[in-house]
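Here the structure is laid out as structure tokens; the discussion comes afterwards.
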Amino acid sequence: MRLAPIAPQNLTAEQRPLYDDMKAGIEAKYSLFTTIRDDGAITGPWNAWLNEPEVGAAFWNTTKAMTRFSVIPDRIRQIVILVVGTRFGAAYELYAHGAVARKHGLSDQFISTLVSGSRPEGMTDEEGLAYDVAHALSAGHKLPDGTYRRAIALFGQRGTNELIYLVGHYCFVSVTLNGFDIPVPVE
Numbered sequence: 121m122r123l124a125p126i127a128p129q130n131l132t133a134e135q136r137p138l139y140d141d142m143k144a145g146i147e148a149k150y151s152l153f154t155t156i157r158d159d160g161a162i163t164g165p166w167n168a169w170l171n172e173p174e175v176g177a178a179f180w181n182t183t184k185a186m187t188r189f190s191v192i193p194d195r196i197r198q199i200v201i202l203v204v205g206t207r208f209g210a211a212y213e214l215y216a217h218g219a220v221a222r223k224h225g226l227s228d229q230f231i232s233t234l235v236s237g238s239r240p241e242g243m244t245d246e247e248g249l250a251y252d253v254a255h256a257l258s259a260g261h262k263l264p265d266g267t268y269r270r271a272i273a274l275f276g277q278r279g280t281n282e283l284i285y286l287v288g289h290y291c292f293v294s295v296t297l298n299g300f301d302i303p304v305p306v307e
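Numbering of the sequence shown is given in our numbering, commencing with residue 121 and proceeding in unit increments.
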């Protein structure tokens, strides 16, 4: 870990409002995995964002917007996030969203196949398309026209937009996690 977690008593005046907003959002949404240490320090990508509160607030606001802009089912969202996390080898992302994916009905076998970098068998059309979109974009490729058209047909324009935005957002999250060497918490 390259940035030490910041305990609440060590926050600057600039960090405090962001910390309070992140802590409230994290506690409300992310109860399936460790996000806050016993001393109150936030873990995961949020701690990195807290270190630069002006920039971190922008990323946190994007995260909140992506949560509110939820057109596609959560199960599909988790497939996208796990494909991106796998592509980047972002351990904390895989740990956290593996837990969320289980909550949304993805089996351990399905998740294991995804995080091994393989396409799980037996996916629905929507799941397979989400996989294809995330796989192509997270590899740095242009989304093929046929895949884009299938996304529009299955998810509509807003759902397709969400798929693309999710990939981009979780690429950024993955880079944050990897750049600052943010580990999976010891539980």
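For glycine and all other residues, C-beta sits at the position ideal for the given N, C-alpha and C.
Quick caveat: nothing in here was measured; it's all calculated off a predicted structure.
Please classify D252 as buried or exposed, where buried requires at least 16 neighbouring CB atoms within 10 angstroms. buried
Below 8 Å on the Cβ atoms is my guess for D301 versus R122; work out the distance and round it to an integer in Å. 5 Å
Alpha carbon to alpha carbon, how far is A148 from M243? Give it in angstroms, no decimals. 30 Å
For the candidate residues Y285, I201, R136, whose alpha-carbon lies nearest to that of A185? Y285
Are there three or more Cβ pairs, one per stretch, closer than 8 Å when the stretch 213-233 is compared with the stretch 194-205? yes
Helix or strand or just coil, what does DSSP make of I156? strand
Let me confirm a value: E213 is counted as buried when at least 16 other C-beta atoms fall within 10 Å, else exposed. Which label applies? buried
Pick from G145, I156, L152, S151: whose alpha carbon is nearest that of P128? Each of G145, I156, L152, S151 was checked against the Cα of P128, and the nearest Cα belongs to I156.
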